[in-house]
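Chemist: Okay, handing you the structure first.
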Amino acid sequence: MPLLKVTDLSKVFHLGRNRDVAALSKVSFEVEDGEIFGILGPNGSGKTTCLKLLLGILFPTEGEIEIMGKNQFDVAAKEQIGFLPENPYYYEYLSGAEVLNFYGRLFGMPKGLIRERTEYLLKLVNLHDAGKLALRNYSKGMLERIGLASSLINDPKILILDEPTTGLDPIGCKETRDLLVKLKEAGKTVLLSSHFLSEVERVCSRIAIFHKGNLLTTGVLADLLQQYRAENLEDLFVKTIQKFDTEAETAKTETVVEPAA
0 MPLLKVTDLS KVFHLGRNRD VAALSKVSFE VEDGEIFGIL GPNGSGKTTC LKLLLGILFP
60 TEGEIEIMGK NQFDVAAKEQ IGFLPENPYY YEYLSGAEVL NFYGRLFGMP KGLIRERTEY
120 LLKLVNLHDA GKLALRNYSK GMLERIGLAS SLINDPKILI LDEPTTGLDP IGCKETRDLL
180 VKLKEAGKTV LLSSHFLSEV ERVCSRIAIF HKGNLLTTGV LADLLQQYRA ENLEDLFVKT
240 IQKFDTEAET AKTETVVEPA A
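The opening residue of the sequence shown carries number 0 in numbering that gives the first Met the number 0; numbering runs sequentially from there.
Written out as structure tokens, the structure reads:
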């Protein structure tokens, strides 16, 4: 059984005055235990909406989500998930260690376990020496790393990351990439949404490409490159989107509207 299973997932936002926007349309995919699964797509493609549906932040219009055999609103399932949003908010007067303590208390973890996890995670993300430093003194890369540590405080089985390398320099990107590989080796399952195709290409076992609320393709990267005769992930990304847009435009052109009688 896959660790996460999405079946015919759709989300329509009702904006009033009979105006509806379909953010996702009949999306289905599976994520296996212990893999890094990449979610790609242009801005507005539905990636973040999909992640919020998986987290139970949004309610789906249609479809089903199973996380370890349970639905996305099950408390036991939620306890096995860590999440890092694209633009997390931090209390800047707190230190790195205090932030981890804060999130540990939200999970109802014992004080001794929080201290143990805090010590371990600060070392894991290379912030042990900055653990007592207030977050207002952290660089962008340091904030991203404390965010990763925070998402791991409960030792989750599934880690969901929304654009974790946004704004990072090459060194910060490499550190994040190396950390994701370590987490995979430790048995974590990672859902990674990113615009950085080169980063996804290096770490992801399988990928899914979204566009205009549709899931265009999903699978092992090497197989998809061969299927679409693409040289690399960037070439594959462009070809799948262009193919979808061309087919959609052709279908629109070929639609014949009968004149009113």
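Note that beta-carbon positions come from the ideal geometry of N, C-alpha and C, so glycine has one too. Keep in mind it's a predicted model, so treat the numbers as computed, not measured.
For the candidate residues Pro87, Leu83, Arg144, Ala148, whose alpha-carbon lies nearest to that of glutamate 115?
Modeler: Ala148
Chemist: For lysine 122, I'd like the list of residues in its chain whose CB is within less than 8 Å of its CB, leaving aside the five on either flank, ordered along the chain.
Modeler: none
Chemist: Hey, could you find the ends of the beta strand (DSSP E) valine 219 is sitting in?
Modeler: Following the DSSP letters along the chain, one finds valine 219 inside the beta strand (DSSP E) bounded by residues 213-219.
Chemist: Just how far apart, CA to CA, sit alanine 129 and tyrosine 89?
Modeler: Counting only the Cα atoms, tyrosine 89 lies some 16 Å from alanine 129.
Chemist: According to DSSP, is threonine 83 helix, strand or coil?
Modeler: The amino acid at residue 83 is misidentified as threonine; the sequence shows leucine. Correct three-state label for leucine 83: strand.
Chemist: State the Cα-Cα distance for the pair leucine 223 and alanine 229, rounded to the nearest angstrom.
Modeler: If I take the Cα positions, the gap works out to 8 Å.
Chemist: So, does the region 8-15 touch the region 140-158, judging by three or more C-beta pairs under 8 Å?
Modeler: No, the region 8-15 is not in contact with the region 140-158.
Chemist: Report the start-end ranges of each beta strand (DSSP E) in the region 76-151 that is 3 residues or longer and not cut off at the edges.
Modeler: 80-83
Chemist: Taking just the CA atoms, how far does leucine 215 sit from phenylalanine 243?
Modeler: 7 Å
Chemist: Between which two residues does the alpha helix (DSSP H) carrying alanine 185 extend?
Modeler: First-last for alanine 185: undefined, no H or E at that position.
Chemist: Helix, strand or coil: how does DSSP classify aspartate 154 here?
Modeler: coil
Chemist: Count the other CB atoms within 10 Å of the CB of asparagine 70; is the residue buried (16 or more) or exposed (fewer)?
Modeler: exposed
Chemist: Under DSSP, the beta strand (DSSP E) around serine 9 begins and ends at which residues?
Modeler: 3-13
Chemist: Skipping 5 residues on each side, what residues in its chain have a beta carbon closer than 6 Å to that of threonine 117?
Modeler: Ala96, Leu99
Chemist: What does a CB cutoff of less than 8 Å around isoleucine 152 pick up in its chain, not counting 5 residues either side in sequence?
Modeler: Gly81, Leu99, Tyr102, Gly103, Phe106, Met108, Ile113, Arg116, Thr117, Leu120
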